[in-house]
Every structure is written in C-alpha cells, then in structure tokens.
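Peer 1:
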Amino acid sequence: MINLEQYYLIKSELDKAGARLVAVSKTKSVEDILTLYKAGQRNFGENYVQELLTKKELLPDDIEWHFIGHLQTNKVKMISPFIACIEGVDSHKLLKEINKEAAKQNQVITCLLQVFIASEETKFGLNELELQQLLKDFHATDYPHIRLGGLMGMASFTSNQLVIANEFALLRSLFEKVKTEYLKNDPDFKHLSMGMSSDYKLALSHGSTSVRIGSLLFGERNYNLSK
Ligand SMILES: *Cc1c(COP(=O)(O)O)cnc(C)c1O
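Quick note: to get the numbering used here, add 4 to the position in the sequence shown (first position is 1).
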C-alpha cells in the first residue's frame, strides 16, 4: 500500500534541497507504481532485469527507469533499448558493453559510477584508486553513447550515524574532485546519488542530488511473496 501523504512530504523535502527522487519499486506491484505515477512520480528504480522487463511492458512509456543494482554485462542488451540511467557501473568492461548496445539502439544512456564507500565486504563498487584509473582510461569520444552522469554510493548498513555521515562526506568529496579534475566541469556530470529510506536526510545534508527510496514509499519488502 502506498502512503501518498508520505510521498508528498518526502517530495517537498527533496524539492527544497533541489534533489531528485528515484522511487525504488523492486518487488512492488504495477498497481503501486501506477499510484505514484498518477501522483506525478516519473523516476523509478529496479534492480532485477527480468522483473524490470515485465513491469515496463505494463506501465506508461514516459517512466524514466533506473537500473540501480549490479548489472551483469550479458544483460545490458535486454535493458538498453529503454533504460534512462544505469546507477551502478563499476567497470570499464560494463561501460564498453553499454556503449556498444546503446549504439545499436541509437541511444545515449546515462551512467553513474558506483563507488564503494561502506565498510561491508559484499557491496559492489570502485574504490578511489579504481575510480581514478577508470576515469583516466575513459575518453568520452570513444563512448558517444554514454553520458557520465555522476557517482552513486551506498553507506554501511549500520545505525551509527557518524559512520554513515563520514561515508557520505567521502563520496561528496570524490564527486567534487572528479568533476573538477577529470571532467572539467562537464555539465552532464551532476548527479550524486546517495541516500535510501533510512539515511536520506543525512545524505541530503551532505549534498546528495538524487535519493533512492523504496520502503518508506512502498512499505517493507517481502521477498518471499514477490518471487
Ligand atoms: C533497494 C535499494 C534501495 C532502496 O532501499 P530502501 O531502504 O527500501 O529505501 C536503494 N538503493 C539500492 C541500490 C537498492 O538496491
């Protein structure tokens, strides 16, 4: 069940901060997505390819779909015809594949580079050195079908606000550094995607421009029922 009051509240908070809302709809129904759509929401995030393909068919064409998890190279071609933004690119190989598939569709796909900022071992992403290496090797003219749109990161899964704040501050500083040192203030490189249901306020106070919120809007996820 969608809590629309909650949606409008979060929207006004984000509008004040000048940040974008990506409503994370994984495991949630087409009906719930439509409810938010009718309230004006256009950016939605999913992280399972098959689920995304199924839902996309049943929903309006002007939804901007974000792929927000780890994307396998061999699945790029399944979403390249329509995906607006891939949040979570963490290798050169993946960038190459996205460029190749987007070229076939004559599309330009926005990609956010995922940076590893958490203390957990399981999360995907580039560390600072890998990020710098990737940017050094990235020549925009070789990738006409990719728009480097910014950085994305996930904080540690902890209730310790100081730990989370430090991780967001780190990502913010990397974002500024990349913008000025590697991309010469390219206006397309403008998204700092950080903050989820539990930590989006903290993320906003650290300069997030795009938050990915699921359970606060759609309710808790129940993975058993959805699959
Ligand atoms: C599921 C997910 C979210 C949303 O999480 P909530 O805690 O439900 O807001 C955000 N980002 C990514 C990458 C996710 O996989």
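By construction, the Cβ of each residue, glycine as well, lies at the ideal position given by its N, Cα and C atoms.
1) Alpha helix (DSSP H) containing L13: first to last residue?
2) Given A21, which residues of its chain have a CB within under 7 Å of its CB, disregarding the five upstream and five downstream residues?
3) Extract the residue ranges of the beta strand (DSSP E) inside the stretch 37 to 85, only unbroken runs of 3 or more that lie entirely within it.
4) With a Cβ-Cβ cutoff of 7 Å, do F172 and L196 count as a contact?
5) Let me check one thing: in DSSP terms, what residues is Q165 bridge-paired to?
6) Does the separation of the CB atoms of G157 and M198 fall below 7 Å?
7) Is the beta carbon of V93 sitting closer than 7 Å to the one on L175?
8) In chain order, what residues of the same chain have a beta carbon less than 6 Å from the beta carbon of E101, not counting five sequence neighbours either side?
9) Given S230, which residues of its chain have a CB within under 7 Å of its CB, disregarding the five upstream and five downstream residues?
10) Taking buried to mean at least 16 other C-beta atoms within 10 Å of its own C-beta, is E35 buried or exposed?
11) Considering S197, what are the terminal residues of the beta strand (DSSP E) in which it resides?
12) For a quick check, are the C-beta atoms of I168 and A159 less than 7 Å apart?
13) Is it the case that the CB of M5 approaches a heavy atom of ligand 1 more closely than 6 Å?
Peer 2: Based on what the coordinates show:
1) Looking at the DSSP string, the run of the alpha helix (DSSP H) that includes L13 is L8 to A21.
2) Excluding residues within five positions, the ones whose Cβ falls inside 7 Å are L208.
3) Every beta strand (DSSP E) stretch that sits fully inside the stretch 37 to 85 and reaches 3 residues is listed by chain position as 47 to 50 and 68 to 71.
4) By the CB criterion at 7 Å, F172 and L196 fall outside the cutoff.
5) According to DSSP, Q165 bridges with nothing at all.
6) A contact, by the Cβ cut-off of 7 Å.
7) Cβ distance not < 7 Å, so V93 and L175 don't count as in contact.
8) Result list for E101: T77 and V80, in chain order.
9) Because S230 carries a pLDDT of 45, less than 50, the predicted location of this residue cannot be relied on, and no value is offered for it.
10) So E35 ends up on the exposed side.
11) First-last of the beta strand (DSSP E) with S197: H195 to S197.
12) Contact: yes.
13) Because no heavy atom of ligand 1 lies under 6 Å away, the Cβ of M5 does not count as near it: no.
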